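Take a look at the structure below.
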Ligand code: GLU
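Numbering (the numbering used here), first residue to last: 12 to 436.
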């Protein structure tokens with residue numbers, strides 16, 4: 012039975028690079044009818060943290076990367092590692108140094124046929140004797156990893172290429188036990204545009220941060236997959252179900268993947284645009300509440316209308332508060348200097364005329380609002396821009412946004428009229 016695993020260390024939040032390793036394991040297993048195991052590598056008690064473990068599991072679920080087996084926790088399996096280390100001790104393949112159990116390395120050449128990198132050869136001459144169990148009784152990463160991969164029947168190890176140098180060490184342990192060596196596939200790390208591994212200095216690196224900003228998991232998954240994998244045909248938008256059916260390790264690119272936030276934002280916008288308005292509105296509620304723009308008793312159908320105006324423009328959902336605040340603020344709003352200058356340019360009589368006409372409209376529809384505006388423009392012999400720009404600033408304190416007449420209709424007669432009435436410059 013084909014079996015893979017994702018083995019996060021809960022010493023930090025789930026990094027985008029780790030999420031991508033989880034994704035490739037998940038896709039590989041599902042595509043081949045295999046099993047996806049989750050193993051939490053928390054044997055280093057000092058550095059591991061229960062809250063982080065919970066957060067990592069939650070992030071994986073949010074991404075939709077549900078595991079079939081586990082989670083196993085290395086911290087609960089210490090006796091097992093000890094037993095295996097003692098076996099090697101008894102066979103004189105390891106020795107004691109104080110309380111620590113150390114593996115004796117013999118010179119040899121080790122070759123692997125990496126499923127992504129191809130053939131890689133290592134010379135164990137450059138590898139010093141390896142600690143199996145530390146003097147505090149905890150196992151080292153390399154040792155616990157091998158014992159677990161064997162015990163759990165892992166057939167393929169798909170992980171970041173930062174682990175390539177660990178591979179010969181792990182293979183030596185398989186040899187010492189006489190266990191079958193699994194297949195390895197090392198995936199290229201995610202890099203920053205200027206070189207170097209994607210790090211916090213560059214921007215958000217944790218899955219949780221993207222979740223909090225309102226990225227859709229489908230978009231993040233699509234982006235992470237396409238960083239170094241693509242189905243035939245160079246398409247950019249690929250759903251998880253399509254990935255599941257088309258995934259193969261052989262299409263993973265071995266050149267380093269470069270992180271590009273603009274690309275991720277573009278993809279997220281596409282996914283938001285294609286989602287049902289109701290779903291996006293629901294997801295936006297928590298952002299708007301956090302920013303105190305709506306209370307518990309908000310009008311959901313009004314919110315849906317607002318979302319319809321912005322769906323194609325949001326890079327991520329938390330932006331909603333910034334770009335659509337004027338729908339939820341009280342009638343009287345503060346204006347920027349730029350807005351004030353534009354508002355001042357329109358004759359006071361035209362503002363009064365607009366207010367009067369709007370008040371008379373029974374149906375405050377986009378069409379009626381536009382008609383009223385066009386009539387005033389024609390009567391006064393002014394240019395459309397002379398009324399449209401000041402009006403947009405007066406109602407939104409912004410120079411750009413959704414279609415003006417539609418926006419006014421969604422704002423509603425009461426608030427639109429009230430806002431024009433209380434302009435103070
Ligand atoms: N705990 C290791 C890590 O997070 C796992 C490496 C592996 O997949 O073997 O990097």
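Beta carbons are placed, not taken as given, at the ideal position from N, Cα and C, and that holds for glycine.
The structure displayed is predicted, hence computed values, not measured ones.
- Cβ contact annotation for residue 204 (same chain, cutoff 8 Å, sequence separation greater than five): 269, 270 and 271, in chain order.
- Listed as beta-bridge partners of residue 51 by DSSP are 84.
- Boundaries of the alpha helix (DSSP H) around residue 431: 424-432.
- Taking non-hydrogen atoms of the ligand GLU into account, the C-beta of residue 174 is found less than 7 Å away from one of them.
- Relative to the ligand GLU, residue 179 has its C-beta separated by 7 Å or more from all heavy atoms.
- In the assembly as shown, residue 85 is a buried residue. Its beta-carbon has 16 or more other beta-carbons within 10 Å.
- For the pair residue 136 and residue 178, the Cα-to-Cα distance works out to about 15 Å.
- The three-state secondary structure of residue 414, taken from DSSP, is coil.
- For residue 106, the secondary structure class from DSSP, reduced to helix, strand or coil, is strand.
- Taking 7 Å as the cut-off, one finds no heavy atom of the ligand GLU near enough to the beta carbon of residue 155.
- Within the model, the alpha-carbon separation for residue 251 versus residue 281 is close to 15 Å.
- Under DSSP, residue 380 forms no beta bridge with any residue.
- Residue range 395-407 is occupied by the alpha helix (DSSP H) that includes residue 395.
- Closest option to residue 112, judged by alpha-carbon separation, among 65, 126, 93 and 355: 93.
- Three or more pairs of CB atoms, one per stretch, sit closer than 8 Å, so the stretch 30-43 contacts the stretch 254-261.
- Assigned with DSSP and collapsed to three states, residue 57 falls in coil, not helix or strand.
- DSSP assignment within the stretch 174-248 yields the following whole alpha helix (DSSP H) runs of 4 residues or more, N-terminal first: 178-188, 218-224 and 228-237.
- Going by beta carbons, residue 415 and residue 403 fall inside the 8 Å limit.
- Looking only at 32, 142, 318 and 60, the smallest Cα-Cα distance to residue 173 is reached by 32.
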